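Following our numbering, the numbering of the sequence shown begins with 15 at its first residue and continues without gaps.
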Amino acid sequence: MDARTDAQEARRDRLRDLVTSKGFVRTADLATEFGVSVMTIHRDLDALQAQGWLRKVRGGASCLPSTQFHGSTSERLTTMVQTKQLLVRAAAAELAPGQVVMIDDSTTCLNLVRHVPDHTPITVISNSLPAISALAREPGVALVALGGTYFPAYDAFMGVHTAQSVQSYRADVLFMSTTAVTGGRCYHMSPETVQVKRAMMAAATRRVLIIDHTKFANQGLYALAPLTDFDLVVVDDAAPAAEVRRLRDNGVEVRAIAGP
């Protein structure tokens, strides 16, 4: 049993690397290359898709970003970089010494980490491994790392145990992003992500959502929360005007930032 499990993990690691390097691979070709059945490959792809590494498509699997698959952390770190930095700089005005701050695992909010040392003493709670690593040795930052199951594709801790851990804390402000906005509601492709973000929202007195305009073109499977559940939404000025107007009409503070 152990040998079979080890072989399965090794095959999935190789399969993941293959999809990542090629961008798209066919299921039949994978079955031939690994000497296993097509059904075995389907199970492997299901597991890797659940971890956020790829998306199953007709005839194979793809790791290329699309409206429904937004890429792994490494992919997302290279998209809308300047815009994200401008948005986060504006959102950082919400930071203040003495606060307890919660930061989610989004690549957008990862940019916030560089602003945190300017507002010490401060307490930061996060499930993002890069954020935790970056703040671990910062003087004046009291760091709370949320544990749980580690998801390599998101470089973060997710799932029920992480969500339960969040419930032990109370934050003055939450900084969060989302991968898709449709009909005025935030969506994600991972139920584990939704589970943790909902817990974070419940644990925060003030909720700040940071999103660039591309989020309005994305789609997601799992609903998180309506935009009206946030106290402040920070967007760039390329966001749909109708969406921004609707938010303001509903009493949500919107900070629209000029793009690069």
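Glycine included, each C-beta is placed from N, C-alpha and C at the ideal position.
Just so it is clear, the structure is predicted and the values come from calculations on it, not from any experiment.
Integer-rounded CB distance, given that residue j should sit under 8 Å from residue i
i      : j      : result
Ser142 : Asp169 : 7 Å
Val114 : Met172 : About 21 Å separates the two Cβ atoms, so there is no contact after all.
Ile139 : Tyr201 : Going by Cβ atoms, the distance from Ile139 to Tyr201 rounds to 24 Å, so no, they are not a contact pair.
Arg221 : Val248 : In fact, because the Cβ distance is near 12 Å, the residues do not count as touching under 8 Å.
DSSP three-state assignment for residue i, whether helix, strand or coil
i      : result
Glu152 : coil
Leu124 : helix
Thr196 : strand
Ala255 : helix
Thr134 : coil
Thr19  : helix
Leu109 : coil
Thr81  : Note that Thr81 has pLDDT 44, beneath the 50 cutoff, so the model's placement of it is unreliable and the number below is only indicative. It is coil, neither helix nor strand.
Val266 : coil
Asp31  : helix
Leu157 : strand
In DSSP terms, what residue i is bridged to
i      : result
Asp250 : Ile271
Ala237 : Tyr201
Met215 : Partner(s): none; Met215 has no beta bridge.
Arg220 : Val187
Lys70  : Ala75
Ala170 : Ser142, Phe165
Val114 : Thr137
Any non-hydrogen atom of the ligand SAH within 8 Å of residue i CB
i     : result
Asp31 : This structure simply doesn't include the ligand SAH, nor any ligand for that matter.
>> Could you check whether the region 98-106 touches the region 228-240, counting it as contact only if at least three pairs of C-beta atoms, one from each stretch, sit closer than 8 Å?
In response: Fewer than three pairs of CB atoms, one per stretch, sit closer than 8 Å, so the region 98-106 makes no contact with the region 228-240.
>> Assess contact between the region 244-252 and the region 124-133, defined as three or more Cβ pairs (one per stretch) separated by less than 8 Å. Is contact present?
In response: No contact exists between the region 244-252 and the region 124-133.
> Which runs of the alpha helix (DSSP H) spanning at least 4 residues fall entirely within the region 37-64, listed in chain order?
Replying inline: Within the region 37-64, the runs of alpha helix (DSSP H) at least 4 residues long that lie entirely inside it are, in chain order, 41-48, 52-64.
> Touching or not, the region 239-246 and the region 260-269, by the rule of three or more beta carbon pairs under 8 Å?
Replying inline: The region 260-269 and the region 239-246 touch, with three or more beta-carbon pairs separated by less than 8 Å.
>> Could you check whether the region 32-49 touches the region 63-77, counting it as contact only if at least three pairs of C-beta atoms, one from each stretch, sit closer than 8 Å?
In response: These segments touch.
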